[in-house]
Each structure stands twice: as C-alpha cells, then as structure tokens.
Amino acid sequence: MLKIKNLFKEYENGENPLAVLNDISLEIKDGEFIVVLGPSGSGKSTLLNAMSGLTAVKSGTIENDGVDITKLNQSELTLFRRKYTAFVFQSYYLMPVLTVKQNIKMGANLAGNKDYEEIIAHVGLKGKENRLPAELSGGERQRVSLARALAKRPKILFCDEPTGALDEATGRKILKYLIDNQKREGYTMIMVTHNENIALLADKIIRMNSGKIVGVFPNRPQTVEEIGW
Ligand SMILES: Nc1ncnc2c1ncn2[C@@H]1O[C@H](COP(=O)(O)OP(=O)(O)O)[C@@H](O)[C@H]1O
Ligand SMILES: [Mg+2]
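Going by the numbering used here, the sequence shown opens with residue 11, and the numbers climb by one from there.
And the structure:
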C-alpha cells in the first residue's frame, strides 16, 4: 500500500515559487493499475518522481508499507528504489554502448536477480539479445526498457508516458505487454499519460490539473483492443 498525504512541492520561479504539487493525498493498493491523467505541465511527472523517491518534496508524507520515504536518507532511499521500484520512461534511457541483453542484465543485477532470460522472451526480444539500442526500432527500445525494469522484479512499476514516443500500433503493443506482465506478476503499476484513451485501461484514474488532484475515478478496465487512440 502506498499512502500519500498532503504532499507539497514547489520550484523556484523568481519572487513567487511555483506550486507543482499542491496538497496531493492519495492511496494506492498493492496490485492496482493506476493511470494519472492530466494536461502537460500539470505535475504528473513530478508526482511520479516523488512517489518513487527520485525527487524530494517540500512537505507531506509518502508511506510505502508503513515506511515514510520522505524521511529516508540518501542510502536508505537508494535501497528503497532498488528493492521496491522500477521505472519506464518515454525516452527509454538505455545504455547505448550495451547490448539488449546487457541492458536488461543491468536491471537484474541491481536487484540481485539472476533469472532475466525468460523476461527477454516475454517481451518478444528473443533473437535480438546482442543488438545495440541504435540497431532497434522505437518499440523494441521501449521493450528493452520494460524488460530492464521487469528484471528488477519490482513491487511498484512506474511508467512515465511509456508510449509517448511511439506510433499507434507500436504503442498498443507496448501497453499490452505492460498490462499482461502486470496481471501475471501482480505488482502495482502507476502510469502517467495525457492520453484519455489510455486511462480507460486502468483500475483507477487519477485526474490532475495545476498540481492538484481534481478527481479519482474507479474504472472498469477496457482492453487495449477496445480503446481508441
Ligand atoms: N526542474 C524544474 N525546475 C522548474 N520547474 C519545473 C521543473 N520540472 C518541472 N517544472 C515545472 O513544474 C510543472 C509540472 O511539471 P511536470 O511534473 O513535468 O508536468 P507533466 O509531467 O504533467 O507535464 C511545469 O510547470 C514544469 O514547467
Ligand atoms: Mg511529464
């Protein structure tokens, strides 16, 4: 369970600091698939980064299984991120000099896992293990990034606009991989998007605007085939 209470964060902005997270409170159950929806600049990425311990907040608490991660020091935070979290970014962030397999192995190593070979097959990268990221399509790169995240065997998978750089057909495939994997492994998945259609895939939709949560909606998830784009 992830329990967020009265979260505030601001950025310097001349005389008037810019409130990027403005009193965010939120509860996420284990195994839930949450989509955070909102226009560009509404604070979605900042919220995701805060929940995963990548960025500090001004005030408020973020409890993961009863431990407030805003109170952890740097090395405790690193351990928290290693043990509990993995991240998939819009722009992949692969290591360009490492092969597909080496990139994925890096995720596994971080968490001390040895069994990452089957993940390569699950995301459909078998036969491409020895390629470099530059020798892959955008969809394949995103699958490497997904496999690297899954190789950590996270409890919580954070995805920031994971299909934002992909065409529709490839984007749908990636979403299907993400959701199939989440159903199989049972981890919590928190995905940020500005695409209203993608939100229909979630168990729960959180709507953000100007740093605030403006709505929390339970949803009967549709399938990737059912949604528009
Ligand atoms: N490092 C930063 N310094 C200053 N302002 C920032 C920084 N990162 C984000 N912002 C501002 O915070 C607001 C929210 O950004 P972000 O969380 O990236 O929104 P979203 O992901 O919803 O597009 C935006 O107004 C953005 O310009
Ligand atoms: Mg963003």
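Idealized CB from N, CA, C, for every residue including glycine.
For residue i, the three-state DSSP class (helix, strand or coil)
{"i": "Asp-190", "result": "helix"}
{"i": "Met-199", "result": "strand"}
{"i": "Tyr-103", "result": "coil"}
{"i": "Glu-171", "result": "coil"}
{"i": "Ala-66", "result": "coil"}
{"i": "Val-234", "result": "coil"}
{"i": "Val-98", "result": "strand"}
Assumed close pair residue i, residue j - CB separation to whole angstroms, cut-off 8 Å
{"i": "Asp-180", "j": "Gly-149", "result": "It is Thr, not Asp, that sits at residue 180 in the sequence shown. About 4 Å; that satisfies the 8 Å criterion."}
{"i": "Arg-163", "j": "Asn-113", "result": "With a Cβ gap of about 16 Å, Arg-163 and Asn-113 do not count as contacting."}
{"i": "Val-133", "j": "Leu-146", "result": "Not quite, the Cβ-Cβ distance comes to about 12 Å (not below 8 Å), so this is no contact."}
Neighbourhood of residue i by C-beta distance below 7 Å, restricted to the same chain and skipping five residues each side
{"i": "Leu-28", "result": "Glu-20, Tyr-21"}
{"i": "Ser-62", "result": "Arg-91, Thr-95, Phe-97, Phe-168"}
{"i": "Trp-239", "result": "Glu-178, Asn-207"}
For residue i, the first and last residue of its enclosing beta strand (DSSP E)
{"i": "Ile-34", "result": "28 to 38"}
{"i": "Gly-225", "result": "222 to 228"}
{"i": "Leu-47", "result": "43 to 47"}
{"i": "Ala-118", "result": "Segment 110 to 120 is the alpha helix (DSSP H) holding Ala-118; no beta strand (DSSP E) there."}
{"i": "Ile-216", "result": "214 to 219"}
{"i": "Leu-12", "result": "12 to 21"}
Boundaries (first-last residue) of the alpha helix (DSSP H) holding residue i
{"i": "Ile-208", "result": "206 to 209"}
{"i": "Gly-70", "result": "Where Gly-70 is concerned, there is no enclosing alpha helix (DSSP H), although the beta strand (DSSP E) it sits in stretches over 69 to 74."}
Any C-beta of chain D under 8 Å from that of residue i
{"i": "Thr-88", "result": "Reference to chain D is not applicable here, since this structure consists of a single protein chain."}
Residues near residue i in its chain [Cβ-Cβ closer than 6 Å; skip 5 each side]
{"i": "Asn-140", "result": "Thr-109"}
Same chain, Cβ closer than 8 Å to residue i, neighbours up to 5 away in sequence not counted
{"i": "Ala-144", "result": "Pro-106"}
Contact shell at 5 Å, judged by CB to any heavy atom of ligand 1, ordered along the chain | Tyr-21, Val-30, Ser-50, Gly-51, Ser-52, Gly-53, Lys-54, Ser-55, Thr-56
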